[in-house]
Amino acid sequence: MKNKPAFVATLKIRTVEGDFVAHYSSTGLARLDFPTAKTKGATTAPAAPPVTRWHELATRAVRQALQGRPMTATPPVDLSCGTAFQRRVWAALRAIPAGKTETYAGLAASLKRPKAARAVGGACGANPAPLFIPCHRVVAAHGGLGGFSGGLHWKRKLLEREAEEN
DNA sequence: ATTTCTGGCCTGA
DNA sequence: TCAGGCCAGAAAT
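Numbering follows the numbering used here, with no gaps: position 12 of the first sequence is 455.
Next up, the structure:
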């Protein structure tokens with residue numbers, strides 16, 4: 444069950460850490476990319492009214508997240524690209540407060556699938572909107588960091604900053 | 001302590 | 001099917 448939301452706009456989010464790129468569908472933020480060599484290219488396009496509003500919220504939220512502060516407001520996030528299982532994982536992730544961490548095994552248990560830790564990891568990796576879906580707050584069961592699709596250095600940085608704020 | 005299986009579960013091909 | 005992934009726990013060094 445993975446329909447593919449069509450992007451109606453792609454906008455950059457400038458931050459001190461580089462340029463993130465946000466993709467919007469007709470129902471909300473559908474994807475967020477970390478800064479890379481590719482995101483330098485100007486992809487800004489004219490946006491329809493609801494999108495510009497979402498983009499304001501997303502921009503502020505991303506900057507807050509980079510400082511380790513909890514997001515005060517977020518745009519609607521379009522998770523329609525995920526499977527049922529992935530959406531359940533993502534929903535659980537959004538319940539983890541800033542400054543706290545959960546383990547892959549713990550999440551699996553809360554989803555009534557105590558043996559699906561690895562599958563949870565897979566869902567995290569498939570997360571289309573990091574920061575908004577805080578997969579960086581999920582660590583390995585015995586202290587390790589686990590991995591991070593956007594680059595492990597981001598995960599470390601985000602966790603450090605959130606820890607400082609608390 | 002750390003390395004190496006082995007089990008388990010969800011995807012995408 | 002089948003391989004492989006942001007895993008865990010047990011067994012073997």
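Here a beta-carbon is modelled for each residue, glycine too, at the ideal position from N, C-alpha and C.
Bear in mind that the values here come from a model prediction, so they are computed numbers and not experimental data.
- With a cutoff of 8 Å on beta-carbon distance, L522 and A535 are scored as not near each other.
- If you compare the alpha carbons of R599, F591, S468, S592 with that of A490, the shortest gap goes to S468.
- Nearest neighbour of V581 by Cα position, chosen from V451, P493, A501, L602, turns out to be L602.
- Apart from the 5 residues on each side of it in sequence, P448 sits with its Cβ closer than 8 Å to the Cβ of S468, S469, T470, A473, D521, S523, C524 in its chain, given in chain order.
- Nearest in C-alpha terms to S592, of all of E605, Y547, Q510, P573, is P573.
- Taking 8 Å as the cut-off, the beta carbon of I456 is found closer than this to the beta carbon of T502.
- Annotation: the continuous beta strand (DSSP E) that includes L475 extends over 471-476.
- Here T546 is actually not in contact with A569; their C-beta atoms are around 18 Å apart, not less than 8 Å.
- Short of 7 Å from the beta carbon of V505, and not among the five residues preceding or following it, lie these beta carbons of its own chain, in chain order: I456, T458, F463, L574.
- For the options H596, A548, G565, A566, the alpha carbon positioned closest to that of K558 is the one of A548.
- Spanning the alpha carbons of G461 and R531 requires a straight line of approximately 31 Å.
- Taking A606 as the centre and dropping the five residues before and after it, the same chain places the C-beta of G542 closer than 7 Å to its C-beta, in chain order.
- For V494, same chain residues with a beta-carbon under 6 Å away, outside a window of 5 residues either side, are A452, Y467 in chain order.
- A straight-line Cα-Cα distance of about 11 Å links G594 and D476.
- Taking every protein chain shown into account, the CB of Q529 has 16 or more other CB atoms within 10 angstroms, so this residue is buried.
- For H596, the closest alpha carbon among the candidates H579, N609, G586 is that of H579.
- In this structure, DSSP gives E605 a helical state, which the three-state scheme calls helix.
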